[in-house]
Amino acid sequence: MKVINSVKEMQVEAVSLKLKGLRIGFVPTMGYLHEGHLTLLKRARLENDIVILSVFVNPIQFGPNEDYATYPRDFSRDRALAEAEAVDYMFFPSVEEMYPHPLTVKAIVLERTNVLCGKSRPGHFDGVATVITKLFNIVMPTRAYFGKKDAQQVAVIEGLIADFNFPVELVSVDIVREHDGLAKSSRNVHLLPQERQEAPILYKSLLAAKSAIEAGERTPEPITNLVKDMISHHSSGVIDYVEIYSYPQLLPVTQLIGKVIIAIAVKFTNVRLIDNLMLEIQ
Ligand code: PAF
15 MKVINSVKEM QVEAVSLKLK GLRIGFVPTM GYLHEGHLTL LKRARLENDI VILSVFVNPI
75 QFGPNEDYAT YPRDFSRDRA LAEAEAVDYM FFPSVEEMYP HPLTVKAIVL ERTNVLCGKS
135 RPGHFDGVAT VITKLFNIVM PTRAYFGKKD AQQVAVIEGL IADFNFPVEL VSVDIVREHD
195 GLAKSSRNVH LLPQERQEAP ILYKSLLAAK SAIEAGERTP EPITNLVKDM ISHHSSGVID
255 YVEIYSYPQL LPVTQLIGKV IIAIAVKFTN VRLIDNLMLE IQ
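If you want it as structure tokens, here you go:
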């Protein structure tokens, strides 16, 4: 595996791979790789000739009071995991390499961001869309792989690819969970021991919501109330949101019909967890 720190060098490699007609599978990450990322890498390995992983904690997608400084980082561990997944290139630029001067242009996301994390993290998705635009131009992927845990991110990137005509196929991959149902996340290491015990209630509440819908409930409010009650009774976490929207448009629904997402965010002492369930309702 080749580790590349320079934007120019990565671009030169990508152009030469493209000229050889090779399919590039790209997994963009902020590092501290977990099984969710490894699942994306495995899928990329299966479907492409070349796999490129990027590890870059993107400062412009963090708000001033968010966890940019404490976001977990471990380059050696990430490199070893990437090597074990037969990654061909690990793109690992510094902040100065990616943002050598203040941006003169950035991507502004107009739709799909006035709800969920977009609402509680203003500017976050502009930062994501901007760095993904840069990474697509640097890595020139055939396919890009994203986890469904960040379902709003997937919806935003789907819009970015369509609106900016990137010749990139978006592949979204199912959430990978711990044995007790907690969605895997680099941030889980910040849960206090007691909170780690409580955290699986997020997924359990989503499964309870699914059962209620399967039993015939078609109105969003009883479902969101059920989820909120379960989380507040069984954890010390503070609910940021429990909401249901159409997917990928992320518009409010009055009836549970068609493709919908039930999305949750809960704040614990040092970490905010998100989870979701997507359902296709007849
Ligand atoms: O999901 C992430 O890790 C980040 O938002 C991404 C897509 C790598 C952009 O910085």
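Read in order, the letters of the sequence shown are residues 15 to 296 in our numbering.
For every residue, glycine included, the Cβ atom is placed at its ideal position computed from N, Cα and C.
Every value quoted in this text rests on a predicted model; they were computed, and no experiment measured them.
**Request:** Within 10 angstroms of the Cβ of PRO136, are there 16 or more other Cβ atoms? Answer buried if so, exposed if not.
**Result:** As a working mapping, residue 136 is identified with position 122 in the sequence shown. When all chains shown are included, PRO136 counts as exposed.
**Item:** Option nearest GLU192 by Cα separation, candidates PRO214, ALA176, HIS248
**Value:** Reading the sequence shown from its first residue, position 178 is the one you call residue 192. Ranked by how close their Cα comes to the Cα of GLU192, the residues PRO214, ALA176, HIS248 have PRO214 in first place.
**Asked** Taking all protein chains shown into account, do 16 or more other C-beta atoms lie within 10 angstroms of the C-beta of VAL109, making it buried, or fewer, making it exposed?
**Response** As a working note, residue 109 is residue 95 in the sequence shown. Exposed, because fewer than 16 other Cβ atoms sit within 10 Å of the Cβ of VAL109.
**Asked** To which residues of the same chain is VAL203 closer than 7 angstroms at the C-beta, ignoring the five residues directly before and after it?
**Response** The count along the sequence shown starts at 1 and reaches residue 203 at position 189. Leaving aside the five residues that flank VAL203 on each side, the residues in its chain whose CB is nearer than 7 angstroms to its CB run, in chain order, PRO86.
**Inter-stretch contact at 8 angstroms, needing at least 3 Cβ pairs: the region 275–293 / the region 248–255** = yes
**Request:** Could you tell me the boundaries of the alpha helix (DSSP H) in which ASP149 lies?
**Result:** Here residue 149 refers to the residue found at position 135 of the sequence shown. Note that residue 149 is Leu in the sequence shown, not Asp. That run of the alpha helix (DSSP H) goes 138–153.
**Prompt:** Is ASP164 near the ligand PAF, in the sense that its beta carbon is under 7 angstroms from a heavy atom of that ligand?
**Reply:** One-based indexing of the sequence shown puts residue 164 at position 150. Checking the Cβ of ASP164 against the ligand PAF gives yes.
**Request:** Measure the beta-carbon distance from ARG210 to GLU183 and round it to whole angstroms, keeping in mind my assumption that it falls under 8 angstroms.
**Result:** The residue you call residue 210 lines up with position 196 of the sequence shown. The residue you call residue 183 lines up with position 169 of the sequence shown. Actually they do not touch by this definition, with Cβ atoms about 36 angstroms apart.
**Message:** For ARG232, list the residues DSSP reports as bridge partners.
**Reply:** By one-based count along the sequence shown, residue 232 stands at place 218. Answer is none; ARG232 lacks a bridge partner.
**Request:** Confirm, please, whether the CB-CB distance from ILE295 to ILE271 is below 8 angstroms.
**Result:** Taking the sequence shown and counting its residues from 1, one reaches residue 271 at position 257. Taking the sequence shown and counting its residues from 1, one reaches residue 295 at position 281. In contact: ILE271 and ILE295 (Cβ atoms closer than 8 angstroms).
**Request:** Taking GLU97 and LEU55 to be in contact with their CB atoms under 8 angstroms, please state how far apart those CB atoms are, rounded to whole angstroms.
**Result:** Taking the sequence shown and counting its residues from 1, the one referred to as residue 97 is at position 83. Taking the sequence shown and counting its residues from 1, the one referred to as residue 55 is at position 41. Not confirmed; about 11 angstroms, so no contact.
**Prompt:** How about ASP161 and GLY77: do their beta carbons lie closer than 8 angstroms?
**Reply:** What you label residue 161 is simply residue 147 of the sequence shown in a count that begins at 1. What you label residue 77 is simply residue 63 of the sequence shown in a count that begins at 1. First, the residue type needs correcting, since residue 161 is Gly and not Asp in the sequence shown. For GLY161 and GLY77, no; Cβs fall outside 8 angstroms.
**Asked** Leaving out the 5 sequence neighbours to the left and right, which residues in its chain are closer than 7 angstroms to GLU111 when beta-carbon positions are compared?
**Response** As a working mapping, residue 111 is identified with position 97 in the sequence shown. Hits under 7 angstroms: ASN19, SER20, VAL21.
**Message:** Under DSSP, the beta strand (DSSP E) around SER186 begins and ends at which residues?
**Reply:** In the sequence shown, residue 186 corresponds to position 172, counting from 1. Counting along the chain, the beta strand (DSSP E) containing SER186 begins and ends at 183–187.
**Prompt:** What is the DSSP secondary structure of ASP177, reduced to helix, strand or coil?
**Reply:** As a first step, residue 177 must be located in the sequence shown, where it is residue number 163. ASP177 falls in the helix class under three-state DSSP.
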